[in-house]
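Asks: Could you have a look at this structure, given as structure tokens, before my questions?
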Amino acid sequence: MNGKSDLQSLADRIDAVRDGIHGKIKTITAKGGDVAAHLTDAGKLADQAGKIHADLKSGAKDGASEIARDVSVLEENFAHWVSYVDRHFNEQFDAGRG
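Per the numbering used here, the sequence shown starts with residue 973, numbered consecutively.
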């Protein structure tokens, strides 16, 4: 894989996280869940994704490896957020408060 392919792959991963944030919020809202309590964290994730994407586009960081590390952290943070949100809403829906 060449450098341009690596950078495109990183951009695709960032986009996947952004899409995942929006998709999760949309899914929960469609089920009648209240996502207001989780929008702050979702916004922080989106901001983190935006900063990494800007760094990627501008070349502000030294090479793909530093960006790749940032993207991996973003993906971990996203996975943690999804797990937390899922657990919270499963509890709400199970209790009939969804």
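Beta carbons: idealized from backbone N, C-alpha and C, even for Gly.
Can you tell me which of Val1043, Glu1038, Ala1040 and Trp1053 puts its alpha carbon nearest to the alpha carbon of histidine 994?
Replies: The option with the nearest alpha carbon to histidine 994 is Trp1053.
Asks: So the candidates are Gly1031, Ala1040 and His1010; which of them puts its Cα closest to the Cα of aspartate 978?
Replies: Ala1040
Asks: For glycine 1022, which three-state DSSP category applies?
Replies: Helix, per DSSP.
Asks: Contact check, asparagine 916 vs leucine 1017 under 8 Å by CB: the rounded distance?
Replies: The question about residue 916 has no answer here: the residues shown for the chain are numbered 973 through 1070.
Asks: Identify whether glycine 1004 lies in helix, strand or coil by the three-state DSSP scheme.
Replies: coil
Asks: Between isoleucine 1024 and glutamate 1038, what straight-line distance do the alpha-carbon atoms span, to the nearest angstrom?
Replies: 10 Å
Asks: Put glycine 992 into one of helix, strand or coil per three-state DSSP.
Replies: Reduced to three states, the DSSP call for glycine 992 is helix.
Asks: With 16 other CB atoms within 10 Å as the buried threshold, where does methionine 973 fall?
Replies: For methionine 973, the predicted model reports a pLDDT of 48, less than 50, meaning its position is unreliable; a value from the coordinates is still stated below. By the neighbour-count rule (16 or more Cβ atoms within 10 Å), methionine 973 is not buried but exposed.
Asks: Once you ignore the five residues that flank valine 1007 on each side, which residues in its own chain have a CB closer than 7 Å to its CB?
Replies: Answer for valine 1007: Ile997, Ile1000 and Thr1001, listed in chain order.
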